[in-house]
Every structure is written in structure tokens, then in C-alpha cells.
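Per our numbering: the sequence shown = residues 34 to 354.
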Amino acid sequence: MGVGHISADYYYNHSSPFPEFPVCTLLNTDPKGDVWITDAAAAATALATGVRVKRGALSLDEEGKKLPTLLEIAGRRKKTTGVIATTSITYATPAAFMAHAPVWGREYEIANQIATADVDVLLGGGLRFFQSNTISDTNLVSVMKGEEYTFISQQNQLEVLNPKDHSKLLGLFATESLRKASQRSLSLQMMTEKAVGILAKNKRGFVLVVEGSQIDWRCHEKDEDGFLAEMQDFTDAIHWAFNYQNDHPELLIVTVGTNETGGVFLTQDTNRRGGTRLKFVTGNHTANFCPVFAKGPYADRIHGLMDISELGSILIHILER
Numbered sequence: 034m035g036v037g038h039i040s041a042d043y044y045y046n047h048s049s050p051f052p053e054f055p056v057c058t059l060l061n062t063d064p065k066g067d068v069w070i071t072d073a074a075a076a077a078t079a080l081a082t083g084v085r086v087k088r089g090a091l092s093l094d095e096e097g098k099k100l101p102t103l104l105e106i107a108g109r110r111k112k113t114t115g116v117i118a119t120t121s122i123t124y125a126t127p128a129a130f131m132a133h134a135p136v137w138g139r140e141y142e143i144a145n146q147i148a149t150a151d152v153d154v155l156l157g158g159g160l161r162f163f164q165s166n167t168i169s170d171t172n173l174v175s176v177m178k179g180e181e182y183t184f185i186s187q188q189n190q191l192e193v194l195n196p197k198d199h200s201k202l203l204g205l206f207a208t209e210s211l212r213k214a215s216q217r218s219l220s221l222q223m224m225t226e227k228a229v230g231i232l233a234k235n236k237r238g239f240v241l242v243v244e245g246s247q248i249d250w251r252c253h254e255k256d257e258d259g260f261l262a263e264m265q266d267f268t269d270a271i272h273w274a275f276n277y278q279n280d281h282p283e284l285l286i287v288t289v290g291t292n293e294t295g296g297v298f299l300t301q302d303t304n305r306r307g308g309t310r311l312k313f314v315t316g317n318h319t320a321n322f323c324p325v326f327a328k329g330p331y332a333d334r335i336h337g338l339m340d341i342s343e344l345g346s347i348l349i350h351i352l353e354r
């Protein structure tokens with residue numbers, strides 16, 4: 034999600050939440066090494082750990098040493114934690130906050146690590162990597178149910194779930210990724226609301242990672258309508274977070290793009306709405322800067338043109354205050 038993505042949401046979405054953020058700045062997302070264009074693993078690792086790594090690695094340094102992640106640090110401080118994604122929760126970005134691997138595509142290995150990571154709420158896809166895990170040669174869903182997780186796999190189960198009755202939740206709603214936003218009614222907003230309902234019962238606080246994962250995928254595909262639907266799904270969750278924050282001013286909301294995909298531009302076209310059309314320069318990642326928005330306590334610590342690892346370090350410092 035780069036500047037072009039935010040521009041498109043601003044013009045196409047009449048209720049775009051981004052103008053409501055009092056803090057806005059830019060990130061360079063280049064990984065460690067001589068290349069300028071990052072991948073999801075390196076970018077998410079920088080955000081999760083505050084350390085720049087080479088492309089491909091998940092929260093490991095060059096010597097293979099585990100880098101402490103934001104969620105691991107939160108857990109040690111007795112805060113509750115959660116991860117939501119519209120891909121499999123074993124995919125690169127969510128995995129970087131919970132697991133450590135030299136190559137991000139090792140999803141069975143990552144699932145095995147997630148099963149013991151003690152993250153309180155896990156919502157997304159990836160059932161196949163847990164149900165028949167080839168690393169542990171077992172059904173990790175059954176193992177996690179034995180560790181007090183409530184397991185659900187259907188949207189209607191989430192809809193009727195009362196957060197007050199649950200302390201740990203594993204919701205895997207697809208074999209791998211969820212359907213496109215335009216083809217599903219299971220929204221990021223619903224998952225966020227249920228997750229916060231569980232996590233916020235902890236008086237020490239919580240950290241929740243919510244990824245609009247398939248914004249990236251639709252831009253790889255150069256799918257204009259699909260991209261706008263994914264952005265709408267993501268911004269609906271942001272609006273819900275704003276409403277929640279109105280009653281909980283101690284909440285810090287940070288919204289960030291980890292890598293720009295598609296080279297999104299709004300270009301002149303007198304035959305289209307607003308006299309513009311949405312254009313993808315490429316179907317790949319770019320070196321374009323990504324935006325970060327913040328609202329809430331300590332948001333003023335986020336300013337200037339930043340490296341994504343610097344933002345990760347700031348989030349960890351806020352957590353450790």
C-alpha cells in the first residue's frame with residue numbers, strides 16, 4: 034500500500050478514513066543489502082523487530098539468530114496479542130510477528146511455530162498447514178484446542194461468538210487464503226471487532242496486527258475493481274478502530290504500508306469518473322515510499338521520512354515504556 038493506493042482510496046471512497054489521522058509520514062522500505070525493492074518477509078520483519086534483514090528471511094538475522102518480535106515482547110510483558118490476515122496466517126507478513134525462518138515459504142514449519150507462540154487470537158486462512166502438519170506429523174488444531182483455544186472454521190461461528198466467553202481463539206476460515214474481498218462477506222471489520230473483544234479484557238493491554246493482505250495481491254494482478262474492494266474492506270476496519278478509540282483513548286492506531294505493489298497512479302482520462310483512471314505501472318513490488326498514519330498516545334513519535342525498521346523500533350519502545 035503506497036501513496037497511490039491512498040490517493041485512490043481518497044478519491045474513490047467517500048468515507049476514506051485517512052484524512053482523520055493527525056499524523057502522516059512516509060517510509061522507505063528497502064531491505065538490507067544492495068537492492069532497493071523489498072519483499073513481504075523483509076518488510077514485515079523490519080516492522081515486527083526493528084531490524085533490517087535481507088529479502089526472504091522471517092525475523093532472523095544473518096547469523097540465523099532469532100530477532101524478538103513486537104508480539105513476543107508484548108507477551109513477555111503480559112499483554113494479550115492477536116493476528117488477523119486475509120491470507121493464510123502462515124504467510125509472510127503475519128508470520129514475521131510470530132515465527133522465525135530463513136525462508137518465508139516454509140508454511141508447515143511456520144504453522145508449527147505459531148501453534149506454540151501463545152498468540153491469543155489468530156484469525157484468517159491456512160487450515161491445511163495446521164490440520165495435517167507435516168513437520169510435527171500431527172493435527173495442530175487438536176493440539177491447540179488442548180491449550181485452551183476455541184477453534185472455529187465458519188463465518189457464522191464467528192458472528193455468534195461472545196468474546197466474553199473466550200480467552201483464546203483460533204479461527205481458520207479457508208484451506209489457504211480467504212476469498213477476494215469482493216467474493217466474501219467475512220470482513221476484516223468483523224474479525225477485528227471480535228479479536229479486540231477478547232484481547233481488551235486484559236487490563237495490561239493488548240497488541241493486535243490486522244493485515245489487509247490481499248491489497249497486495251490485487252495489485253500484482255492489476256485488478257482495479259478487486260484492489261478497490263480490498264481497500265474498502267481494510268478501511269472499514271480502520272473506521273471501526275476509530276469508533277472503538279473514541280471510548281478507549283489509550284489506544285494507539287498505526288496504519289502502515291509495508292511495501293508498494295503495482296506502481297499505482299491516477300492518470301488523466303476524460304471518459305472516466307472524476308476525469309481520471311487508475312493505472313498500474315507494474316505487476317510487481319516497487320521502491321516507492323509507503324505511507325504511515327497514526328492516531329493516539331505517542332503518535333507524535335512517528336515523524337519525518339523514516340526507514341520501516343525505525344518505525345518498528347519506535348513501536349517496540351512505546352510497548353516497553
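The C-beta atom is built at its ideal place from N, Cα and C for all residues, glycine as well. Since the model is a prediction, treat every value here as computed from it, not as a measurement.
Check whether residue i and residue j have beta carbons under 9 Å apart
i: L202; j: L155; result: yes
i: I248; j: M264; result: yes
i: A118; j: S246; result: yes
i: G200; j: K236; result: It is worth fixing the name first, because residue 200 is Ser in this sequence and not Gly. No.
i: L241; j: T120; result: no
i: P127; j: G89; result: no
i: L91; j: H133; result: yes
i: N145; j: S169; result: yes
i: S346; j: G66; result: no
i: G108; j: I231; result: no
i: E254; j: G296; result: no
i: I349; j: I143; result: no
i: L191; j: V174; result: no
i: A150; j: A77; result: no
Cβ-Cβ separation, residue j to residue i (assumed contact under 8 Å), whole Å
i: S220; j: D266; result: 6 Å
i: V152; j: M177; result: Between M177 and V152 the Cβ distance is about 10 Å, and since that is not below 8 Å, they are no contact.
i: I147; j: T167; result: At roughly 15 Å, the Cβ-Cβ gap does not stay under 8 Å, so I147 and T167 are not in contact.
i: S342; j: A79; result: 4 Å
Residue i versus the options, residue with shortest Cα-Cα distance
i: R85; options: I106, T62 and L352; result: T62
i: K328; options: I347, T288 and Y124; result: T288
i: Y331; options: N321, R354, T315 and D340; result: R354
i: T356; options: P64, T78 and L160; result: This structure does not reach residue 356, given that the chain is present from 34 up to 354, and the question cannot be answered.
i: K227; options: G138, N195, A207 and Q187; result: N195
i: F275; options: E53, N46 and H47; result: E53
i: Y141; options: T171, D258 and T303; result: T171
i: W273; options: G204, F184 and V243; result: V243
i: Q188; options: A207, S175, D198 and K197; result: A207
i: L103; options: F239, H253 and L284; result: F239
i: V229; options: S175, Y124, G295 and T113; result: T113
i: D256; options: L205, V314 and N304; result: V314
i: F162; options: A81, I335 and G138; result: G138
i: G204; options: D198, E95, S186 and E181; result: S186
Contacts around residue i, its chain only, beta-carbon distance under 6 Å, and the 5 residues preceding and following it disregarded
i: C323; result: G35, L60, T62, G290 and E293
i: K312; result: F298 and T300
i: D340; result: N61
i: A75; result: P64, V86 and R88
i: E209; result: S121 and G158
i: D72; result: R88
i: G37; result: V297 and F298
i: V56; result: A327, A332 and I335
i: V179; result: Strictly speaking, residue 179 in this sequence is Gly, with Val absent from that position. Correct list: empty, nothing qualifies.
Cβ-based neighbour list, residue i, same chain, cut-off 8 Å, excluding 5 preceding and 5 following
i: Y44; result: L299, G307 and T309
i: G97; result: P135
i: K99; result: S92, L93 and H133
i: D302; result: G308, T309 and R310
i: R110; result: R237, L352 and E353
i: L285; result: A327, K328, G329, P330, Y331, A332 and I351
i: Q278; result: L284, I286, K328 and G329
Beta-carbon proximity list for residue i, same chain, < 7 Å, skipping 5 on both sides
i: F51; result: I39, D42, Y43 and F326
i: G337; result: T58
i: A270; result: L221, Q222, T225 and V243
i: W69; result: D63 and A320
i: G259; result: K213, S215 and R251
i: P101; result: T82
i: S49; result: D42, Y43 and T268
CB contact below 9 Å: residue i versus chain D
i: F206; result: Although the question refers to chain D, the structure presented lacks it and comprises just one protein chain.
Exercise. Mind pulling the beta strand (DSSP E) runs of 3 or more residues that sit fully within the region 42-81?
Worked result: 56-61
For this session: Only counting runs of 4 or more residues, tell me where the alpha helix (DSSP H) segments fall wholly within the region 133-169, in order along the chain.
Result: 140-147 and 160-164
Exercise. For the region 284-334, which segments carrying the beta strand (DSSP E) assignment without a break, of at least 3 residues, lie completely within its bounds, in sequence order?
Worked result: 286-289, 297-301, 309-313 and 323-328
Problem set entry | Segments of 3+ residues assigned as beta strand (DSSP E) that fall wholly inside the region 170-215 | 183-185 and 202-205
Exercise. Residue ranges of each alpha helix (DSSP H) run of no fewer than 4 residues wholly in the region 215-281, ordered along the chain?
Worked result: 221-232, 247-253 and 257-280
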